[in-house]
Amino acid sequence: MESIVKQSLLYDFYGELLTEHQRAVYEDAVFNDMSLGEIAKEQGISRQGVHDLIKRCDRLLEGYEKKLHLVSKFQNTRQMVEDIRQKIQAFKETKDEALIAQIEQISMDIIEL
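Just so you know, this note's numbering puts 56 at position 55 of the sequence shown, and the rest follows in order with no gaps.
1. What do you get for D29, buried or exposed, if any count of 16 or more other CB atoms within 10 angstroms of its CB means buried?
2. Let's test the definition: count the other Cβ atoms within 10 Å of the Cβ of I55 and tell me whether it reaches 16, buried, or not, exposed.
3. Where does I40 land, buried or exposed, given buried means 16+ other C-beta within 10 angstroms?
4. Can F92 be considered in contact with the ligand FAD, in the sense that its beta carbon sits closer than 7 Å to one or more heavy atoms?
5. In three-state DSSP terms, what is T20?
6. Which residues mark the beginning and the end of the alpha helix (DSSP H) in which N77 is found?
7. Got a sec? Which residues, its chain only, sit under 6 Å from L62 by beta carbon, not counting five neighbours each side?
8. How would you call Q80, buried or exposed, if buried means at least 16 neighbouring beta carbons within 10 angstroms?
9. Taking only the alpha-carbon atoms, compute the straight-line gap between V72 and T20 and give it to the nearest angstrom.
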């Protein structure tokens with residue numbers, strides 16, 4: 002399951018960098034849960050060709066992430082926003098002014114990303 006989530010995120014961020022053919026095969030395999038045989042028949046290529054293309058796409062998408070880090074930045078930002086949300090809730094309950102300073106610091110950290 003974790004692999005599918007990772008593939009989905011990478012595809013969401015970098016999928017447009019793949020060719021139309023690569024996107025079609027990758028989407029069928031990852032999102033449409035089609036078998037290699039089904040994709041091969043639909044695309045007019047061998048099962049081995051489908052397998053190789055999916056692996057190549059995975060490597061390309063992971064390579065883009067290694068260079069650009071967009072997914073990891075997105076995940077870090079999302080975690081920081083969740084931290085802010087939790088601190089706001091805690092502030093509402095406790096009125097602890099120190100939480101405001103923490104929220105401001107997290108906000109500044111997000112801006113610097």
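We treat Cβ as the ideally placed atom computed from N, Cα and C, and that holds for glycine.
Please read all numbers here as calculations on a predicted model, not as lab measurements.
According to the structure data:
1. On the sequence shown, residue 29 is found 28 positions in, with the first residue counted as 1. Result: buried.
2. Counting from one through the sequence shown, the residue named residue 55 turns up at place 54. When all chains shown are included, I55 counts as buried.
3. By one-based count along the sequence shown, residue 40 stands at place 39. Residue environment analysis places I40 among the buried positions, since at least 16 neighbouring C-beta atoms fall within 10 angstroms of its C-beta.
4. Of ligands this structure carries none, so the ligand FAD is not represented either.
5. The residue labelled residue 20 in the question sits at position 19 within the sequence shown. Looking at T20 - three-state DSSP - the assignment turns out to be coil, as it is neither helix nor strand.
6. One-based indexing of the sequence shown puts residue 77 at position 76. 71 to 95 is the span of the alpha helix (DSSP H), which, as asked, contains N77.
7. Against the sequence shown, residue 62 aligns to sequence position 61. L11, Y15.
8. What you label residue 80 is simply residue 79 of the sequence shown in a count that begins at 1. Q80 is exposed by the Cβ-count criterion.
9. Mapped onto the sequence shown, residue 72 falls at position 71. Mapped onto the sequence shown, residue 20 falls at position 19. Answer to the nearest angstrom: the Cα atoms are 20 Å apart.
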